[in-house]
Amino acid sequence: MKQIKVDEIKPGMVLAERIISPKGQILADVDTPITAQQLLHVYYYGIDKLWIQDKDEVLEKLDLDAPDEFIGETQSWRISNSQEYKEFKKAYDNCAVKLETLIENFMNRQGSLNDDEILEDIRTVFERHATGLGIMAMMLNIQELDASTYEHMINVAIICRVCGGWLGIKDEKELDVLTMCGLYHDIGKSLVPNAILTKPNRLTKEEFARMAEHPLFGYHILSDHDIDRRIKLAALQHHERCDGSGYPYGLTKDFINKYSKIVAIVDVYDAMTADRCYRAGICPFEVIAQFQREAKTKYDTETLMVFLSNIAESYISTGVLLSDNSRGVIKMIHRDALASPLVLLDTGEFIDLRERNDIFIRACI
Ligand SMILES: [Fe+2]
Ligand SMILES: [Fe+2]
């Protein structure tokens, strides 16, 4: 038996203690595998460590193959166990490996970035999976806390393409350029020392300054190459912000390229979802709320609105667990408050989250 931080606990681990809420409710019982749902409750009550049984102890007492009906309740669990997701993940991993080789060869002057193969792969992933469970929901599931720069670049490329579609870009060639903007936006990081890129704790001032050079590095790496100018600009400008608060130049909105503005939003979205991926199922509404809390003046207003409202709307009719542990279904999204939809509770009552500052969406189930 050992005490483990809640962040590190996975559904299915077997409890060595009974978990009691501050109000005296039993949240989960000793000798049972903890479910994703119960983990959410544990987070909710701010419990930070739990006693977990060692594997050998568990084998003696339990048949580990016993299905855990509760784990299947979260949307994220259902997606990760679907066939469509498994195929998507395979194609995605393949893209990340290819990108790594492509960039390494390019940096060693042994190859070019104009290799259409990777773009073709992304297009195929995209076309095959644009329907069904929804590419954005699968992208949430793919998130890992320690995702590599290459995985991040693939994520941004795929989400840029999705966003391009939402913005009404129909021309395949334009969508390809936007995808490449996402794919190579962080190429400058290949010149930042690995120790800084992978440092788990906060960067020092000097380290941050090194890191903040990657847009300039990226632009220089790409500058002599025969690729669309917007791809070079995206590498240079994706950390610029419309209100002038970004870097490296502090450009304001009129001086930032449209595609760089799209990459900026998608880049932040990917970082936010990666940050939350240790939770049992990332809740997209939390990410939307965080975007809206940040100064809206930072991003291109129209692009941000289209991006966030499309994400929110794809969750209409989805089941949700609210922070007070009540459950319901999303019935309507308000354009003026995307993170606070109208929810029909299991009790038959409607709750308008715009009017309830004390309640928020904990998980999609
Ligand atoms: Fe970057
Ligand atoms: Fe990035």
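Using numbering that gives the first Met the number 0, the first residue of the sequence shown is number 0, and each one after it goes up by one.
Even glycine gets a Cβ: it sits at the ideal position worked out from N, Cα and C.
Within the same chain, show all residues whose beta-carbon is closer than 6 angstroms to that of residue i, passing over the 5 residues directly before and after it, in chain order.
{"i": "Pro247", "result": "Pro214 and Leu215"}
{"i": "Phe418", "result": "An answer regarding residue 418 cannot be provided, because it is not within the stretch 0 to 364 covered by the chain."}
{"i": "Val326", "result": "Checking the sequence shown, residue 326 turns out to be Arg, not Val. Counting only Cβ-Cβ distances below 6 angstroms, and skipping sequence neighbours, we find Leu320 and Asp345."}
{"i": "Leu250", "result": "Glu239"}
{"i": "Gly11", "result": "Pro32"}
{"i": "Leu232", "result": "Asn256 and Ser259"}
{"i": "Gly181", "result": "Val155, Ala156, Cys159 and Val262"}
{"i": "Phe284", "result": "Ala338 and Ile360"}
{"i": "Arg17", "result": "Asp28 and Val29"}
{"i": "His128", "result": "Phe87 and Ile134"}
Closer than 8 angstroms by C-beta to residue i: which residues in its own chain qualify, once you throw out the five before and the five after it? Chain order, please.
{"i": "Ile19", "result": "Ile25 and Leu26"}
{"i": "Phe349", "result": "Lys330, Leu341, Val342 and Leu343"}
{"i": "Ser308", "result": "Ile332, Arg334 and Leu337"}
{"i": "Val328", "result": "Ser316, Thr317, Gly318, Val319, Val342 and Leu343"}
{"i": "Tyr44", "result": "Ser20, Pro21 and Leu26"}
{"i": "Ile168", "result": "Leu174 and Leu177"}
{"i": "Val5", "result": "Leu38, Val41, Tyr42, Ile46, Asp47, Lys48 and Leu49"}
{"i": "Leu303", "result": "Ile264, Phe290 and Lys295"}
{"i": "Asn206", "result": "The residue asked about is misnamed: residue 206 is Glu in this sequence, not Asn. Result list for Glu206: Ile195 and Lys198, in chain order."}
{"i": "Lys54", "result": "none"}
{"i": "Ser120", "result": "For clarity, residue 120 is Asp in the given sequence; the question names Ser instead. The answer, listed in chain order, is Ala90, Asn93, Cys94 and Lys97."}
{"i": "Gln109", "result": "none"}
Going by CA-CA distance only, name the one from the options that's closest to residue i.
{"i": "Thr300", "options": "Ile315, Ile264 and His128", "result": "Ile264"}
{"i": "Glu148", "options": "Trp165, Thr100 and Lys169", "result": "Looking at the sequence shown, residue 148 is not Glu but Thr. When only C-alpha atoms are compared, the closest one is Thr100."}
{"i": "His237", "options": "Glu205, Gly187 and Trp76", "result": "Gly187"}
{"i": "Lys295", "options": "Met137, Lys252, Glu116 and Thr346", "result": "Lys252"}
{"i": "Val161", "options": "Thr178, Pro32 and Lys97", "result": "Thr178"}
{"i": "Pro192", "options": "Lys4, Arg209, Arg108 and Phe284", "result": "Arg209"}
{"i": "Leu321", "options": "Ile310, Glu239, Ile358 and Asp345", "result": "Ile358"}
{"i": "Gln142", "options": "Leu232, Tyr268 and Glu206", "result": "Tyr268"}
{"i": "Asp225", "options": "Phe306, Arg201, Asn104 and Ser111", "result": "Ser111"}
{"i": "Ser367", "options": "Asp345, Gly167 and Glu354", "result": "Absent from the structure is residue 367, since the part of the chain shown begins at 0 and ends at 364."}
{"i": "Cys282", "options": "Leu235, Thr302, Ser313 and Lys260", "result": "Ser313"}
{"i": "Glu116", "options": "Asp227, Ala95 and Lys9", "result": "Ala95"}
{"i": "Ile261", "options": "Met137, Arg108, Ile157 and Ala273", "result": "Ile157"}
{"i": "Ile136", "options": "Tyr298, Ile310 and Arg361", "result": "Sequence check: residue 136 is Ala here, not Ile. Of Tyr298, Ile310 and Arg361, the residue nearest in Cα terms is Ile310."}
{"i": "Asp227", "options": "Lys172, Arg17 and Asp242", "result": "Lys172"}
{"i": "Glu86", "options": "Glu293, Arg361, Met138 and Gly347", "result": "Met138"}
{"i": "Asn107", "options": "Leu190, Arg17 and Asp242", "result": "Leu190"}
{"i": "Ala146", "options": "Asn200, Ala273 and Phe284", "result": "Ala273"}
{"i": "Asp266", "options": "His128, Ala234 and Gly347", "result": "Ala234"}
{"i": "Ile153", "options": "Asp351, Ile102, Cys241 and Ile364", "result": "Ile102"}
{"i": "Cys241", "options": "Leu202, Glu212, Glu293 and Leu118", "result": "Glu293"}
Which residues in the same chain as residue i place their Cβ atom closer than 7 angstroms to its Cβ, once the five residues preceding and following it in sequence are excluded?
{"i": "Met271", "result": "Val286 and Gln289"}
{"i": "Ala15", "result": "Met0, Val29, Trp50, Ile51 and Gln52"}
{"i": "Asn140", "result": "Ser75, Ile78, Ser79 and Tyr84"}
{"i": "Pro66", "result": "Note that Pro66 has pLDDT 35, beneath the 50 cutoff, so the model's placement of it is unreliable and the number below is only indicative. Around Pro66: no qualifying Cβ."}
{"i": "Val306", "result": "Note on identity: in this sequence residue 306 is Phe, with Val being the wrong assignment. So the list reads Cys162, Trp165 and Ile264, once near-sequence residues are dropped."}
{"i": "Asp323", "result": "Ile358"}
{"i": "His151", "result": "Asp185 and Asp269"}
{"i": "Ser244", "result": "Lys297"}
{"i": "Ile230", "result": "Val176, Met179, Cys180, Tyr183 and Leu221"}
{"i": "Ile8", "result": "Ile33, Leu38, Leu49 and Ile51"}
{"i": "Asp351", "result": "Leu341"}
{"i": "Ile3", "result": "Lys48, Leu49 and Ile51"}
Closer than 7 angstroms: is that where the CB of residue i sits relative to any heavy atom of ligand 4?
{"i": "His333", "result": "Within the structure as shown, ligand 4 is missing, the only ligands being ligand 1 and ligand 2."}
Under 5 angstroms, CB to any heavy atom of ligand 2. Which residues pass, going along the chain? The filter returns Asp185 and Asp266, in chain order.
Entirely within the region 222-303 and at least 4 residues each: give me those alpha helix (DSSP H) ranges in chain order. DSSP runs (the alpha helix (DSSP H)) wholly in the region 222-303: 228-236, 257-274 and 283-292.
With three or more beta-carbon pairs closer than 8 angstroms as the criterion, would you say the region 111-126 touches the region 82-94? Pairwise C-beta distances place the region 111-126 in contact with the region 82-94, as three or more of them are shorter than 8 angstroms.
Determine, using beta-carbon pairs with one atom in the region 179-199 and one in the region 217-230, whether at least three such pairs fall under 8 angstroms. The region 179-199 vs the region 217-230: in contact.
As an exercise, report each continuous beta strand (DSSP E) stretch of at least 3 residues that is fully enclosed by the region 296-347, in chain order. Restricted to the region 296-347, the beta strand (DSSP E) segments that are unbroken, complete and at least 3 residues in length are 318-321, 326-333 and 336-344, listed in chain order.
Which runs of the alpha helix (DSSP H), 4 residues or longer, sit entirely within the region 186-220? Runs found: 193-196 and 204-210.
Mind pulling the beta strand (DSSP E) runs of 3 or more residues that sit fully within the region 99-148? The qualifying runs do not exist here; there are none.
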